[in-house]
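**Q** Residue numbers (the working numbering): 11 to 143.
For every residue, glycine included, the Cβ atom is placed at its ideal position computed from N, Cα and C.
1) By the 10 Å Cβ neighbour count, where 16 or more other Cβ atoms means buried, how is residue 176 classified, buried or exposed?
2) If you draw a straight line from the alpha carbon of residue 89 to that of residue 122, how long is it in whole angstroms?
3) Starting from the Cα of residue 26, find the closest Cα among 134, 12, 11, 84 and give me that residue.
4) Apply the 10 Å Cβ neighbour rule to residue 119 and answer buried if 16 or more other Cβ atoms are within range, or exposed otherwise.
5) Have a look at residue 37 and residue 31 and give me their C-alpha separation to the nearest angstrom.
6) The alpha helix (DSSP H) spanning residue 35 covers which residue range?
7) Does the separation of the CB atoms of residue 128 and residue 98 fall below 8 Å?
8) Grab me the residues of residue 72's own chain with a C-beta within less than 6 Å of its C-beta, minus the 5 sequence neighbours each way, in chain order.
9) Measure the C-alpha to C-alpha separation of residue 47 and residue 114 and round it to an integer number of angstroms.
10) Taking the C-alpha atoms as reference points, what is the distance between residue 45 and residue 21?
11) Using alpha carbons as the reference points, say which of 39, 43, 29, 28 lies closest to residue 13.
12) Please state whether DSSP places residue 77 in a helix, a strand or coil.
13) Using the C-alpha atoms, what's the distance from residue 34 back to residue 78?
Okay, structure coming up:
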């Protein structure tokens, strides 16, 4: 199965929990066992897995990424002015792979799947691909 989901972001930098959307895609496809790949086909937005119980984790991650990769830097050369978003995306990564067993993603108690926007607000697309095994 290959499924696309739309993500509408509201800020330049934000993390949206898309775990339930991925679960829904697996359920719709009756996918039971294998792996699911969650992929962002954008150079300025990524996918990560992290804690989804405490919203301060998202805040702290975005704050620290902004400290490491400030929006403006005198040595950035990219003409669009969004070099920081490219650096953040490369650091976070474009995809995550999750094991699926008996129709359930194997995630830790506090883990969730996040779409990470670094150049919003925008309308984005996330791809969900299942592989049986």
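**A** This is what the structure holds:
1) Outside the shown range of the chain (11 to 143) lies residue 176, about which nothing can therefore be said.
2) Roughly 34 Å separates the two Cα atoms.
3) Nearest C-alpha to residue 26: 134.
4) Around the CB of residue 119, fewer than 16 other CB atoms lie within 10 Å, so the residue is classed as exposed.
5) Straight-line Cα distance between these residues: approximately 10 Å.
6) Where residue 35 is concerned, the enclosing alpha helix (DSSP H) stretches over 29-38.
7) Cβ distance < 8 Å, so residue 128 and residue 98 count as in contact.
8) 23, listed in sequence order.
9) Computed Cα separation, rounded: 14 Å.
10) Distance between the alpha carbons of residue 45 and residue 21: 31 Å.
11) Looking at 39, 43, 29, 28, the one whose alpha-carbon comes closest to that of residue 13 is 39.
12) It is helical.
13) So the alpha carbons of these two residues sit roughly 35 Å apart.
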